[in-house]
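Enquirer:
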C-alpha cells in the first residue's frame with residue numbers, strides 16, 4: 008500500500024495539463040485548455056482542462072477527474088498503478104507499506120498481461136542479439152534494412168525462434184501461466200508458439216506498454232502469410248492502435264502534422280532518419296478509433312503511397328471516413344518501385360522531407376485529377392466519376408471547406424459550379440437523413456433494452472445530426488452543464504441545498520472573516536447544522552456531515568478534500584461544480600477596460616456567495632416551516648384546541664418576521680398570501 012505522504016507528493020507534483028498532453032493535444036482558451044475528448048468520439052472539442060484547479064472535464068460525455076483519475080480511465084489502470092505511473096513520470100520515489108499476499112497477488116494479476124508481453128519482448132530481443140540463428144537471420148535482416156542497433160532496441164524489435172514451443176516453455180519455466188500466454192495470443196491452443204522463425208515488431212500503447220506483436224516471415228513460403236499479428240486481446244484492440252504512435256506523439260504535436268505509412272519498417276526507417284511524426288496503419292483500412300487517435304494531436308494528415316495506381320485507387324476508397332472526422336488529408340505518391348523505407352534511405356532525411364512537402368496534394372483535388380485522367384473523352388464515365396468526387400466532398404463536416412472544394416472541382420472538371428453545389432447538397436442531405444435514421448434506430452434499441460432490464464426508457468434524439476450548418480467551436484456558445492439526474496435530481500429544497508453544497512465544495516477553504524479566522528466551510532456548517540437532519544437530499548446531507556467531521560479532526564475542507572475524496576460520487580460532484588463550461592472574457596479588462604474595483608470577481612467572491620446562498624437556503628426552509636405550521640393550525644382549529652391555536656399563531660408570526668427579514672436582505676418579493 009502506498010503511503011499517504013507519497014500520494015500527497017504525487018498529487019501536488021503531477022500537473023494535469025502535462026499528464027493529459029501526453030495523450031491529447033490541448034489548445035489554450037482563456038485560463039483553461041481545450042481538446043478532443045479521448046473517452047468518446049467527437050468532432051468539435053468539449054474536453055476542458057483546468058490547470059489552476061488541477062482537473063479535467065468533458066462536457067460531451069461527462070468524464071472528469073484529476074491526474075490520477077485520467078490515467079486510471081485512459082490507461083485502464085487501478086488506483087495504485089496510476090499513482091505508480093505518475094510517480095515514475097515525475098521521478099518520485101514510491102514509499103509503500105507491507106501488503107498482504109492476497110493483495111499482492113491481485114495487484115500482480117491486474118498487471119500480468121502487460122508483464123507477460125514485456126517478457127516476450129525481452130525474450131525476442133535476446134534471441135535476436137544473443138543466439139546464432141537470431142544474429143544470422145533476424146539481425147542480418149534488420150541490418151540489410153539499414154536499422155541501427157539503438158533504434159532496434161528502442162522499438163523493441165526481435166526474433167522469434169524457429170522451434171515449435173521454445174518461447175512457451177521458457178515463459179512457463181519463468182512462472183507465467185500457460186492460459187495467460189494463450190489469452191495474449193503468444194501461444195496457440197495446442198501449446199505451440201504462435202510466432203515462429205519471424206522477425207518481431209513490438210506494438211506499444213500510448214503510455215509505452217507492450218500490448219501486442221507483429222511478426223514478418225523470413226523463409227520463402229508461398230503458403231504462409233508474410234505478416235501475422237497478435238489477435239484481439241483484453242489489452243490489444245487493433246482498431247484503436249497505430250504502430251509507432253507512442254514514439255511519434257510529441258513530434259506530431261510539434262509539427263502539427265501526422266505522416267501515415269503502411270508498414271512497420273516504414274515507421275522505423277523514417278524515425279531513424281529523423282522524420283519522427285510518423286505512424287502506420289499496419290496494412291489495414293483506417294478505423295474511427297485510429298482516426299480519433301491522430302486527431303488528438305493534429306488535424307493534418309499526410310498519407311504516403313507507392314506509385315501503383317490500382318492499389319492507390321483501392322486505398323483511396325477507404326478515406327471517406329477520414330474526411331468525415333474533419334481531418335485535412337494530403338496525398339503523396341512515391342516514385343514507382345519505392346516505399347517510404349527505401350526512398351528515405353535513398354534520398355536522406357532532408358531531401359525526403361522536401362520531396363513529400365513539394366509532392367503533397369490535397370486529397371479531393373488529387374482524387375479529381377486521378378479520376379479525370381481515367382475518364383478522358385468518355386462523358387458517361389466522367390459523370391459517374393464526378394458523383395464519386397461529390398460524394399467525397401459531402402463527407403467533409405465543415406461547410407466552408409465544402410464550398411471551396413466544390414468551386415475548385417467545378418473548375419478542374421469543367422462543369423457548372425451550381426450543378427456541383429446542388430449535387431453536394433443532395434449528398435449531404437442524404438447522409439444527414441441516414442444518420443438520423445441510425446440514431447433513431449439506436450435509440451429504439453436502447454429503449455427496448457431498457458424495458459427488458461426494467462429501467463427507464465431513454466429519450467429519442469431531438470436534434471438533427473451535425474452537417475451542413477456546423478460552425479467552428481470558437482463561434483459556438485459554451486455548452487451547459489449536464490442536467491442533474493439520479494440521486495442528485497432536485498426536489499423539495501434541492502436547488503438551495505445544491506447551491507450551498509457547491510459553495511462548500513468549491514470554496515470551503517476560503518476566508519470568510521479574517522478577524523475571527525472563520526472559513527467559508529465553518530460559516531456554512533455552523534449555520535446549517537441545526538437543520539442538517541432536514542436536508543431533502545442524502546448526498547448533500549452526507550457531504551456536509553463528512554465536512555463537519557473532517558473539520559473536527561483538524562482537516563482543511565476545500566476543493567482538494569472533495570476532488571481527491573475516495574467516494575466516487577462525491578468526487579464526481581466536486582468535478583461538476585469546479586469545471587464550468589464557460590469563463591469570463593478577457594475583453595472585460597483588455598478591450599472594454601471594465602474592472603470590478605469594489606469587489607472580487609463573482610466566482611471568487613466566496614463571502615458574498617456564502618451569505619447569499621445561505622440566506623436563500625434558510626428562506627426556503629422557513630417557508631416550508633410556515634406551511635407546516637399552517638397545516639397544524641388548521642388541525643387545531645378544527646379540533647377547537649384554542650391553546651394550540653394561539654401557539655401556532657405566535658409561531659406563524661415569528662416565522663414570517665424571519666422570512667420577511669431574509670426576503671428584504673435578498674431583495675425577494677413575498678406575496679401577501681404566503
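Numbering (our numbering), first residue to last: 8 to 681.
The beta-carbon is built from N, C-alpha and C at its ideal position, and this holds for glycine as well.
1. Report buried or exposed for residue 191, applying the criterion of at least 16 other Cβ atoms within 10 angstroms of its Cβ.
2. Using the Cβ count rule (16 or more neighbours within 10 Å means buried), how would you classify residue 10?
3. Which residues share a DSSP beta bridge with residue 309?
4. With a threshold of 6 Å on Cβ separation, who are the neighbours of residue 177 within its own chain once the five nearest residues in sequence on each side are excluded?
5. The alpha helix (DSSP H) spanning residue 303 covers which residue range?
6. Does the beta-carbon of residue 526 have 16 or more other beta-carbons within 10 angstroms, so that it is buried, or is it exposed?
7. Nearest CA to the CA of residue 237: which residue from 124, 185 and 298?
8. Does the separation of the CB atoms of residue 169 and residue 128 fall below 8 Å?
9. Is the CB-CB distance between residue 375 and residue 409 below 8 Å?
10. Quick check: the stretch 221 to 233 against the stretch 256 to 269, are there 3 or more CB pairs under 8 Å?
11. Give the straight-line distance between the Cα atoms of residue 63 and residue 395, rounded to the nearest whole angstrom.
12. Starting from residue 520, trace the beta strand (DSSP E) in both directions and tell me its first and last residue.
13. Output needed for residue 385: all residues of its chain with C-beta closer than 8 Å, excluding positions within five of it in sequence on either side, in chain order.
14. Looking at the strands, I want to know which residues DSSP matches up with residue 41.
15. My guess is that residue 405 and residue 333 are in contact by the Cβ rule of under 8 Å, so how many angstroms apart are they, rounded?
16. Taking the straight line between their C-alpha atoms, what separation do you get for residue 55 and residue 25?
17. Which class does residue 378 belong to by DSSP, given the choice of helix, strand or coil?
18. Taking residue 207 as part of the beta strand (DSSP E), name the residues at either end of that continuous run.
19. Considering only residues of the same chain and omitting the five flanking positions on each side of residue 274, which have a CB-CB separation below 7 Å?
20. Is the stretch 289 to 309 touching the stretch 154 to 173, taking contact as three or more C-beta pairs under 8 Å?
21. Hey, residue 122 and residue 164: beta-carbon distance below 8 Å or not?
22. Spell out the partners DSSP gives residue 219 in its beta bridges.
23. Enumerate in chain order the residues of its own chain whose CB-to-CB distance from residue 216 is below 6 Å, with the five nearest sequence positions on each side excluded.
24. Quick check: the stretch 31 to 46 against the stretch 544 to 554, are at least 3 beta-carbon pairs closer than 8 Å?
25. Let me know the secondary structure DSSP gives residue 327 once reduced to three states.
26. Mark residue 585 as exposed unless 16 or more other C-beta atoms lie within 10 angstroms of its C-beta, in which case mark it buried.
27. Return the CA-CA distance between residue 2 and residue 515, expressed in angstroms with no decimal places.
28. I need the DSSP call for residue 535, collapsed to helix, strand or coil.
29. If I follow the unbroken beta strand (DSSP E) through residue 167, where does it start and stop?
30. Going by the CB atoms, is the gap between residue 566 and residue 513 shorter than 8 Å?
31. Provide the residue span of the beta strand (DSSP E) that contains residue 62, from first to last.
32. Short check: CB of residue 61 to CB of residue 52, under 8 Å?
Expert: Answer, in terms of the structure:
1. buried
2. exposed
3. 266 and 337
4. none
5. Careful: residue 303 lies outside any alpha helix (DSSP H) and carries neither H nor E.
6. buried
7. 124
8. no
9. no
10. no
11. 42 Å
12. 518 to 520
13. none
14. 34 and 55
15. 7 Å
16. 13 Å
17. helix
18. 205 to 211
19. 250, 251, 268, 285, 286 and 287
20. no
21. no
22. 210
23. 121
24. no
25. helix
26. buried
27. The displayed coordinates of the chain run from 8 to 681. Any statement about residue 2 would go beyond what the structure contains.
28. helix
29. 164 to 167
30. yes
31. 62 to 65
32. no
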